[in-house]
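Numbering (our numbering), first residue to last: 111 to 466. Think of the CB as a built atom: it goes at the ideal place given N, C-alpha and C, for glycine as much as any other residue. Everything below concerns the one structure shown next.
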């Protein structure tokens, strides 16, 4: 006769999760109250673990409050403090967006009602960047929009809040990913060579500038793929170059057929500083493994910037080389993918098999 192992009761599982400070326990979400202190906490609370006899478990905050317990100020089980912090940072971002010049850290912190070091830490946790980096991104976005609208470079630079054109030309790649003139021309003057092929996941297109691969797309017809590329560089010269890119396209096709290692290609990545941090973290995900969006946010030192990380993944134009398909939802769900969830599932399955 086969004897089954005893199933631990719910309170035992919750107590084990409390001791492990597990923020997402397998037994499901819960709160615990400490009778000697009159507070209730999340299981991941950093406070010293209480004695078991002083603990009560609750399914939610209203149940704990109904028994007379109040929310812990350290772990914020109701999320009230987190909501206040998020609102303060949203207001600071709105102020940066509305300002013609970059507000000082002191001004932003005073307006939010926090000490400067505390405000800086909160801003980085929630947005993933410093206030200065956020403001620089706002200026770059204004500049890019003005140039795309056809404004003269000098007028666009002044209107975006830069003191002089030299500030932009000193590091054009950091500001726009290209020179202001090229941005104003929508890629005019640049040549993007393309090559196409059939792959196990459908039609494939690779686009490359003189600096490296700037586009990898697949699973759509060639016209649609070229349309994606032209929307990014509306005035660039796009020309087929199957011979020049033959080795590159063979490498991508081979990776799709049987991935065995990271797809290492010279890349021409154009994005904000935050986007580049995310893309660099994507490249660092080991072959055959996955990470959640929350883990990616932790990896770049911005644990609260999960949504911003997801947006940066979606704005990746060089799929496979920057493997955004290796990022999954909290529960392992494949979530969305630019080229379709079935293809994401197929890529991950092939990579797992290649690692075995």
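If you scan the segment 379–438 from start to end, which runs of the alpha helix (DSSP H) of 4 or more residues do you find wholly inside it?
383–393, 403–409 and 416–424
9 Å Cβ cutoff met for residue 313 and residue 332
Locating residue 313 in the chain shown gives position 203, counting from the first residue. Locating residue 332 in the chain shown gives position 222, counting from the first residue. Yes, Cβ-Cβ distance for residue 313 and residue 332 is below 9 Å.
Hey, out of 453, 351 and 326, whose CA is closest to residue 425's CA?
Here residue 425 corresponds to residue number 315 of the chain shown, with the count starting at 1. Considering only alpha carbons, the answer is 326.
Kindly indicate which three-state DSSP category residue 282 falls into: helix, strand or coil?
Looking up residue 282 in the chain shown gives position 172. Its pLDDT being 41, under 50, residue 282 is placed unreliably by the model, and nothing is read from it.
Meets three-Cβ-pair contact criterion under 8 Å: the segment 169–188 and the segment 209–218:
Touching, no.
Return the chain-ordered list of same chain residues with a C-beta closer than 8 Å to the C-beta of residue 394, the five sequence neighbours on each side being excluded.
Locating residue 394 in the chain shown gives position 284, where the first residue counts as 1. These residues qualify, in order along the chain: 409.
DSSP has residue 144 in a bridge; who is on the other side?
The sequence position of residue 144 within the chain shown is 34, counting from 1. DSSP, once it has assigned bridges, lists 149 and 165 as partnering residue 144.
How close, in whole Å, do the beta carbons of residue 508 and residue 440 come, if the pair is a contact with beta carbons under 8 Å?
The question about residue 508 has no answer, for the chain in this structure spans 111 to 466.
By Cβ distance, which residues of its chain are closer than 6 Å to residue 416, with the 5 residues on each side in sequence left out?
On the chain shown, position 306 is the one that residue 416 refers to. 403, 404 and 407.
With which residues is residue 336 paired in a DSSP beta bridge?
The count along the chain shown starts at 1 and reaches residue 336 at position 226. Its beta-bridge partners do not exist; DSSP assigns none.
Tell me where the beta strand (DSSP E) around residue 314 begins and ends.
Against the chain shown, residue 314 aligns to sequence position 204. First-last of the beta strand (DSSP E) with residue 314: 312–318.
From which residue to which residue does the alpha helix (DSSP H) around residue 196 run?
In the chain shown, counting from the first residue as 1, residue 196 sits at position 86. Residue 196 -> alpha helix (DSSP H) spans 190–208.
Beta-carbon spacing of residue 159, residue 120 below 9 Å:
For the purposes of this step, residue 159 is taken as the residue at position 49 of the chain shown. For the purposes of this step, residue 120 is taken as the residue at position 10 of the chain shown. Not in contact: residue 159 and residue 120 (Cβ atoms no closer than 9 Å).
Going by other Cβ atoms of all chains shown within 10 Å of its Cβ, with 16 needed for buried, is residue 220 buried or exposed?
Taking the first residue of the chain shown as position 1, residue 220 is located at position 110. Looking at its Cβ environment, which holds fewer than 16 other Cβ atoms inside 10 Å, residue 220 is exposed.
Is residue 122 helix, strand or coil when you go by DSSP?
Taking the chain shown and counting its residues from 1, the one referred to as residue 122 is at position 12. Helix at residue 122.
Rounded to the nearest angstrom, how far is the Cβ of residue 301 from that of residue 347, given a contact under 8 Å?
Position 191 of the chain shown, counted from the start, is the residue given in the question as residue 301. Position 237 of the chain shown, counted from the start, is the residue given in the question as residue 347. About 5 Å separates the two Cβ atoms, so the contact holds.
Hey, how far is the Cα of residue 427 from the Cα of residue 236?
Locating residue 427 in the chain shown gives position 317, counting from the first residue. Locating residue 236 in the chain shown gives position 126, counting from the first residue. One C-alpha to the other measures close to 25 Å.
Determine the DSSP secondary structure at residue 447, reduced to helix, strand or coil.
Here residue 447 corresponds to residue number 337 of the chain shown, with the count starting at 1. Reduced to three states, the DSSP call for residue 447 is coil.
Just verifying my parser: in three-state terms, what is the DSSP assignment at residue 373?
The residue labelled residue 373 in the question sits at position 263 within the chain shown. Three-state result, residue 373: coil.
As assigned by DSSP and simplified to three states, the class of residue 274
Numbered from 1 along the chain shown, position 164 holds the residue referred to as residue 274. Residue confidence is low: residue 274 scores 46 on pLDDT, short of 50, so the model does not pin down where it sits. Its coordinate-derived value is still stated next. Coil, per DSSP.
Under 7 Å Cβ to Cβ from residue 310, same chain only, skipping five residues before and after it: list those, please.
Within the chain shown, the letter at position 200 stands for residue 310. Closer than 7 Å at Cβ, skipping near neighbours: 366 and 367.
How far does the beta strand (DSSP E) with residue 356 in it extend, from its first residue to its last?
In the chain shown, counting from the first residue as 1, residue 356 sits at position 246. Element bounds for residue 356: not the beta strand (DSSP E) but the alpha helix (DSSP H), 356–367.
Inter-residue Cα distance where the pair is residue 246 and residue 156
Locating residue 246 in the chain shown gives position 136, counting from the first residue. Locating residue 156 in the chain shown gives position 46, counting from the first residue. Their Cα atoms are separated by approximately 35 Å.
Sequence-distant residues of the same chain with beta carbon closer than 7 Å to residue 413, five excluded per side
In the chain shown, the residue the question calls residue 413 occupies position 303. If the five residues before and after residue 413 are omitted, its C-beta is found closer than 7 Å to the C-beta atoms of 235 and 407, all from its own chain and listed in chain order.
Distance between residue 315 and residue 373 (C-alpha atoms, nearest Å)
Working through the chain shown from its first residue, we reach residue 373 at position 263. Working through the chain shown from its first residue, we reach residue 315 at position 205. Going by the C-alpha atoms only, they are around 15 Å apart.
Just how far apart, CA to CA, sit residue 375 and residue 445?
Here residue 375 corresponds to residue number 265 of the chain shown, with the count starting at 1. Here residue 445 corresponds to residue number 335 of the chain shown, with the count starting at 1. Straight-line Cα distance between these residues: approximately 27 Å.
According to DSSP, simplified to helix, strand and coil, what is residue 181?
Taking the first residue of the chain shown as position 1, residue 181 is located at position 71. The answer is strand: DSSP assigns residue 181 an E or B state.
So, for residue 187: in the same chain, excluding its five sequence neighbours on each side, which residues have a beta-carbon less than 7 Å away from its beta-carbon?
Position 77 of the chain shown, counted from the start, is the residue given in the question as residue 187. Residues 141, 150, 151, 152, 171 and 181 of the same chain have their beta carbon placed closer than 7 Å to that of residue 187, with the five preceding and five following residues left out of the count.
Would you report the Cα separation of residue 353 and residue 341, rounded to the nearest angstrom?
What you label residue 353 is simply residue 243 of the chain shown in a count that begins at 1. What you label residue 341 is simply residue 231 of the chain shown in a count that begins at 1. Spanning the two alpha carbons is a distance of roughly 24 Å.
Taking the C-alpha atoms as reference points, what is the distance between residue 147 and residue 185?
Walking along the chain shown from the start, residue 147 turns up at place 37. Walking along the chain shown from the start, residue 185 turns up at place 75. Residue 147 and residue 185: Cα-Cα distance of roughly 14 Å.
Between the alpha carbons of residue 305 and residue 433, how many angstroms are there, rounded?
Start at 1 with the first residue of the chain shown, and residue 305 comes out as number 195. Start at 1 with the first residue of the chain shown, and residue 433 comes out as number 323. Approximately 20 Å, taken between the alpha carbons.
Chain-order list of residues whose beta-carbon lies under 6 Å from that of residue 143 (same chain, five-residue window excluded):
Locating residue 143 in the chain shown gives position 33, counting from the first residue. These residues qualify, in order along the chain: 150, 166, 174 and 179.
Pick helix, strand or coil for residue 307, following the three-state DSSP scheme.
One-based indexing of the chain shown puts residue 307 at position 197. Here residue 307 sits in strand by DSSP.
Tell me which residues share the same chain as residue 338 and place their Cβ nearer than 6 Å to its Cβ, disregarding the 5 neighbours each side in the sequence.
Here residue 338 refers to the residue found at position 228 when the chain shown is read from its first residue. Excluding sequence positions up to five before and after residue 338, its CB lies within less than 6 Å of the CB of 327, all in the same chain and listed in chain order.
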